[in-house]
Amino acid sequence: MEKRWIVVLIVVGLVLSGCIGDEFLDMDNDGIEDSEDLDRDGDGWGNLIEINCNSNPDNFEEKPSDLDNDTICDTLDIDIDGDDLPNEWETERGFDPMDKNDTVICHGLSKYCLRNYDDFTFPETHNAFATSEDGVILGTNHYTGLQAQWDGGIKAFMVDVHHLSDDETEAEDVRFCHGSPGQFPHPCAYSEVDAFEWLSLLNSLMNLTDESCSFTCGEVVSILVENYVPAEHLEFLFNKTGMLERLYIHQLGEPWPSIGDMILQEKDIVVYVQSEYNESFPYFHSAWKHSWDTPYGQQDKEEMTCELGRGDSSQSVWHLSNWLSSIFGTADPYKAHDVNEYDFLLNRTIECWEIMDKRPTFVAVDYWEDGEITNVTITLNKMENWDDEIPQRP
Numbered sequence: 093m094e095k096r097w098i099v100v101l102i103v104v105g106l107v108l109s110g111c112i113g114d115e116f117l118d119m120d121n122d123g124i125e126d127s128e129d130l131d132r133d134g135d136g137w138g139n140l141i142e143i144n145c146n147s148n149p150d151n152f153e154e155k156p157s158d159l160d161n162d163t164i165c166d167t168l169d170i171d172i173d174g175d176d177l178p179n180e181w182e183t184e185r186g187f188d189p190m191d192k193n194d195t196v197i198c199h200g201l202s203k204y205c206l207r208n209y210d211d212f213t214f215p216e217t218h219n220a221f222a223t224s225e226d227g228v229i230l231g232t233n234h235y236t237g238l239q240a241q242w243d244g245g246i247k248a249f250m251v252d253v254h255h256l257s258d259d260e261t262e263a264e265d266v267r268f269c270h271g272s273p274g275q276f277p278h279p280c281a282y283s284e285v286d287a288f289e290w291l292s293l294l295n296s297l298m299n300l301t302d303e304s305c306s307f308t309c310g311e312v313v314s315i316l317v318e319n320y321v322p323a324e325h326l327e328f329l330f331n332k333t334g335m336l337e338r339l340y341i342h343q344l345g346e347p348w349p350s351i352g353d354m355i356l357q358e359k360d361i362v363v364y365v366q367s368e369y370n371e372s373f374p375y376f377h378s379a380w381k382h383s384w385d386t387p388y389g390q391q392d393k394e395e396m397t398c399e400l401g402r403g404d405s406s407q408s409v410w411h412l413s414n415w416l417s418s419i420f421g422t423a424d425p426y427k428a429h430d431v432n433e434y435d436f437l438l439n440r441t442i443e444c445w446e447i448m449d450k451r452p453t454f455v456a457v458d459y460w461e462d463g464e465i466t467n468v469t470i471t472l473n474k475m476e477n478w479d480d481e482i483p484q485r486p
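Just so you know, we're using the numbering used here here: the sequence shown kicks off at 93 and counts up by one.
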């Protein structure tokens, strides 16, 4: 009996001295005991994460699957292939959420496909057709025509639609001219642009965006029409140029769709008309019921405001008018240089965004070539809210 107690005392002494005890387990040999190691097998994935990802935290050879290498396992990743489109969104639209090459790109980036039409800012040219390149002499608003504007990133256009003359008033006589009806000489007398050729080119450019892309690619285009022709004639114009079937129809009061859905459904053109047509032409939206703009025609940039010009300010779609007029009421290239300058235009747009509590849908300018309208909109579209940190200049 005495010997047994001696043995017990010896064992207790050894335990207390640390000579014997529980075995020190360190599976990955990182010097951290397994019971305290947050990554026991040393595979770079935490134990709890591996469990949640249905992976064995005690097996270095078994790691969670992570297709896009974003350190979020596929089981938990809402964007498995890393193409900036959620798995559910892709599946609902027939894309493979496991294949980053099976995707859609909108305005250059997949993530913009998720943005609603009224939550994106489009660069817009005022009197887009009135260019030196197109032979417009009086009332020129830009130097370069549609091709250069498109290549430069412009995706929204303001145009004026007239008949060729007071005697030539058939549907085939529709032209882009700058002026008011009833004036002398006729608005098209001193310059006119073939509206059929112009819109046919726009249609081709939109098609080329997708054809030249290895993915599904597209852009939504908006056209604000100062219309002085019957609805049937404007309809004829869009039908003849292959664009009528692409026109999106928006129901007043309903939410705007995502840019991605508009592109995928091939309803990627929104047309607004300043003079309202009847309900037989639902794709020609009444501009001042579905949107609004800020005042224009000022001669000094200190006079520019963010307040309501025309339309319904409760609407989420709106035009920020950012051009100045000369003393003759025409576009002024020297003043355009000042108001199109990057910092001025960006700061003014953000200020109006804050004041109106709505992102400008369009920022419209004269002489788009002079200044950085497209860079400004690139910056704006990287922002979710007006008070976000301003991204680095493109």
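All C-beta atoms in this analysis are idealised placements derived from N, C-alpha and C, irrespective of residue type, glycine included.
Classification of residue i by the beta-carbon crowding that lies within 10 angstroms, buried from 16 upward
i      : result
His342 : buried
Arg485 : exposed
Glu394 : exposed
Asn473 : buried
Gln239 : exposed
Gln241 : buried
Ile102 : For Ile102, the predicted model reports a pLDDT of 49, less than 50, meaning its position is unreliable and no value from the coordinates is stated.
Leu438 : buried
Met396 : buried
Met298 : buried
Leu130 : exposed
Val104 : Only weak support exists for where Val104 lies, its pLDDT of 47 falling under 50; the coordinates are left without a value.
Val107 : Bear in mind that the predicted position of Val107 carries a pLDDT of just 47, short of 50, making it unreliable; the figure below should be weighed with that in mind. Val107 comes out exposed.
Asn144 : exposed
Ile419 : exposed
Ile442 : buried
His255 : buried
Leu339 : buried
Phe268 : buried
Phe187 : buried
Leu356 : buried
Ile141 : buried
Asn193 : exposed
Tyr426 : exposed
Met354 : buried
Val100 : At Val100, the pLDDT of 44 sits below 50, so the modelled position is not reliable; the number obtained from the coordinates is stated separately. By the neighbour-count rule (16 or more Cβ atoms within 10 Å), Val100 is not buried but exposed.
Ile172 : buried
Gly403 : buried
Gly463 : buried
Residues that DSSP places opposite residue i in a beta bridge
i      : result
Gly274 : Gly274 pairs with nothing; no bridge assigned.
Ser314 : Ala248 and Val362
Ser306 : Ser306 pairs with nothing; no bridge assigned.
Ser350 : Asn208
Leu117 : BP columns for Leu117 are empty, so no partner.
Val266 : His255
Leu339 : Ile361
Asn319 : Val253
Phe373 : Partner(s): none; Phe373 has no beta bridge.
Asp385 : Arg402 and His411
Ser417 : Ala423
Beta-carbon proximity of residue i to residue j, cut-off 9 Å
i      : j      : result
Ser257 : His278 : yes
Thr466 : Tyr209 : no
Ile351 : Arg207 : yes
Gly134 : Asp122 : yes
Phe249 : Val313 : yes
Asp385 : Trp410 : yes
Leu38  : Ala287 : Past the boundaries of the shown model lies residue 38; the chain is included only from 93 to 486, so the question cannot be answered.
Leu177 : Lys203 : yes
Thr308 : Thr195 : yes
Glu216 : Val457 : yes
Val321 : Val363 : no
Glu225 : Thr213 : no
Asn295 : Asp252 : no
Lys381 : Leu344 : yes
Start-to-end residues for the alpha helix (DSSP H) that takes in residue i
i      : result
Trp290 : Ala287 to Glu303
Trp380 : Ala379 to His382
Phe328 : Ala323 to Lys332
Pro425 : Pro425 to Val431
Asn139 : Asn139 to Asn144
The beta strand (DSSP E) enclosing residue i, as first and last residue numbers
i      : result
Leu412 : Trp410 to Ser413
Arg485 : Counting along the chain, Arg485 falls outside any beta strand (DSSP E), and DSSP gives it neither H nor E.
Check: residue i C-beta below 8 Å from any heavy atom of the ligand MG
i      : result
Val457 : You won't find the ligand MG in this model; it holds no ligand whatsoever.
Task: Contained alpha helix (DSSP H) runs [length at least 4] in the segment 434-472, N- to C-terminal order - done: Annotation: the segment 434-472 contains the following complete segments of the alpha helix (DSSP H) (minimum length 4 residues), in chain order: 434-448.
Task: alpha helix (DSSP H) runs contained entirely in the segment 167-255, provided each spans 4 or more residues - done: 179-184 and 238-243
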